[in-house]
Structure formats: C-alpha cells, structure tokens
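All the letters of the sequence shown, read from the start, carry residue numbers 232 to 344 under this note's numbering.
Yeah, the Cβ is synthetic: ideal placement off N, Cα and C, and Gly gets one too.
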Amino acid sequence: MLTELKTKECVIKVGKRIKSVVLAVGLVLGTGSAALAERQYASGGEWVYGKRGVGVAFSDYYHGSRCHGSSITREGKIQARSAATTAGKWSRASKQGAPWTTYRYHYRFDHCG
C-alpha cells in the first residue's frame with residue numbers, strides 16, 4: 232500500500248512539472264506569435280494580417296463601401312482565400328501551419344453578385 236502511494240505521488244509531481252513546462256512554452260509561443268500581427272489602413276479600409284496562436288496565418292480586411300476579400304499565399308500559391316465579402320463586413324482568410332512558415336498576405340476588391 233505504501234509503495235503504491237509513493238508511486239502515485241511521483242507520477243503526480245512529474246505530471247505537474249510537465250504541465251508547467253507545456254504551459255510555459257505555450258505562453259512564450261503564444262505571446263511571440265501575437266506580436267507578429269500587423270494593422271494597416273489600406274485603400275480606404277482596415278487590414279489586419281500576420282500570425283496568431285501557434286502557426287495560424289490570417290488576413291482579415293474590412294471596407295465600409297466596397298465588396299472585397301483577403302487571401303494568404305506561400306511561394307506564389309494560394310493557401311487560403313476568403314469569399315467575396317459585402318461592404319461593411321470583415322473578409323477572413325486563415326491557414327494553420329508551422330510557426331516558422333513564411334506566408335504573404337493580401338486583400339483585394341471583388342465583385343459581389
């Protein structure tokens with residue numbers, strides 16, 4: 232009985248340490264990723280793009296009076312593309328990838344039909 236109790240204590244302590252390390256790494260990566268986002272006021276609208284969380288690339292664009300969209304590319308190939316979005320709403324494109332993957336971010340004016 233006593234041996235089992237010590238074994239369980241050891242597992243609990245190791246488990247808590249592992250959880251602490253995972254939490255610390257998550258906080259560091261999460262904080263670092265948040266700093267990679269940019270905000271620009273472009274072509275009469277608002278464009279927010281970059282990385283959030285761990286490896287999630289995003290490109291969001293808002294325009295109050297024109298149909299628009301946003302997208303993400305890597306090495307010239309479209310990775311994510313929003314639908315044509317009506318004026319007054321946010322277009323949103325996102326792509327899950329490795330934190331170190333390099334993407335390019337875009338917005339566009341589109342035809343809403």
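query = Three-state secondary structure (DSSP) at Gly276?
reply = Taking the sequence shown and counting its residues from 1, one reaches residue 276 at position 45. Here Gly276 sits in strand by DSSP.
key: Simplified DSSP state of Asp341, which is helix, strand or coil   = Here the question's residue 341 lines up with position 110 in the sequence shown. Here Asp341 sits in coil by DSSP.
query = What's the gap between the Cα of Trp321 and the Cα of Gly307?
reply = In the sequence shown, residue 321 corresponds to position 90, counting from 1. In the sequence shown, residue 307 corresponds to position 76, counting from 1. Cα-Cα distance, rounded: 24 Å.
message = Please identify the residue among Ala318, Gln310 and Cys298 whose C-alpha is closest to the C-alpha of Val287.
response = Numbered from its first residue, the sequence shown carries residue 287 at position 56. Among Ala318, Gln310 and Cys298, the Cα nearest to that of Val287 is on Gln310.
request  = For Ser296, collect the residues of the same chain with a Cβ closer than 7 Å to its Cβ; drop the 5 residues on either side in sequence, then sort them by chain order.
outcome  = Stepping through the sequence shown from its first residue, residue 296 is reached at position 65. Contacts found: Ala318.
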